[in-house]
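S.K.: Handing you this structure, nothing more for now.
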Amino acid sequence: MAIAGCLAIASKIFFQSKNKHFFNPANFGLITTLLLTKDAWISIGQWGSDWIYLLLFLGLGGIVLRKVGRWDTSVIFLLSYSSLELIRNVWLGWSLDVLQHHLMNGSLLVFALFMITDPRSIPNSRTSRIIWSICLAVLAFILEHKFYLKTSFLWSLFLLSPLTLILDQAWKEDEFQWNTFKSKQKLKSIM
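In structure tokens:
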């Protein structure tokens with residue numbers, strides 16, 4: 005864990021462009037630790053698949069995403085990924101409970117609601133975030149079902165993080181700033 009933490013912090017310093025880091029620090033720490041050591045692993049099922057987790061993560065995720073204004077990223081990712089899984093499920097002739105079990109993965113919800121919505125490491129523009137979220141979902145789907153990689157969504161974020169730089173160039177928008185965002189929110193609440 006110490007290695008992952010150090011690598012996560014280092015990624016914020018070494019992998020940035022115009023004062024914006026483009027790797028999600030937690031994701032970078034996890035994936036590079038997996039690559040560098042033989043003693044690391046990720047247990048995707050650790051959060052379980054109970055309804056209580058869905059409610060807990062949606063509630064807490066809703067609070068956080070309301071503050072940072074990045075619902076679009078989570079919603080588009082989950083809709084895209086769920087749609088691909090639904091198509092596959094129907095294609096294979098499976099019942100919907102297989103799909104439900106697959107999508108009720110707590111780790112997937114933590115990823116979608118907290119990891120891919122870090123406003124300092126995702127594209128600035130809404131259009132860019134929509135494109136980026138769809139790309140994440142498609143790559144995660146391919147990695148999971150073509151290469152049988154159960155940590156596919158974590159790998160897709162790691163592999164597509166540099167795409168943030170390209171999307172920020174294609175669709176320019178002001179960079180997210182915590183202080184500026186709070187000031188704008190206060191101004192809106194006063195009006």
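In this text, residue positions in the sequence shown follow the working numbering: the first is 5, and each later residue adds one.
For each residue, glycine too, the CB sits at the ideal point set by N, CA and C.
(1) Spatial neighbours of residue 132 within its chain, please: CB distance less than 6 Å, with the 5 preceding and 5 following residues excluded, ordered by chain position.
(2) In the DSSP assignment, what residue or residues form a beta bridge with residue 16?
(3) Drop a sphere of 10 angstroms on the beta-carbon of residue 105, count the other beta-carbons inside from all chains shown, and report buried for 16 or more, exposed for fewer.
(4) How would you call residue 195, buried or exposed, if buried means at least 16 neighbouring beta carbons within 10 angstroms?
(5) Please list the segments of the alpha helix (DSSP H) lying wholly inside the stretch 65–120, counting only runs of 4 or more residues, in order along the chain.
(6) Go through its chain and collect everything with a Cβ distance to residue 147's Cβ below 7 Å, but skip five positions before and after it.
(7) Going by DSSP, what residue range makes up the alpha helix (DSSP H) through residue 1?
M.R.: So, to answer that:
(1) 171 and 175.
(2) DSSP lists no partner for residue 16.
(3) So residue 105 ends up on the exposed side.
(4) For residue 195, the pLDDT reaches just 48, beneath the cut-off of 50, and the residue's location in the model is therefore unreliable, although a value from the coordinates is still provided. Exposed, because fewer than 16 other Cβ atoms sit within 10 Å of the Cβ of residue 195.
(5) Runs of the alpha helix (DSSP H) inside the stretch 65–120: 75–96, 100–107 and 110–114.
(6) Counting only residues of its own chain and dropping the five nearest sequence neighbours on each side, residue 147 has a CB closer than 7 Å to the CB of 153, 156, 159 and 160.
(7) In the structure displayed, the chain extends from 5 to 195; residue 1 sits before or after that span and is not available.
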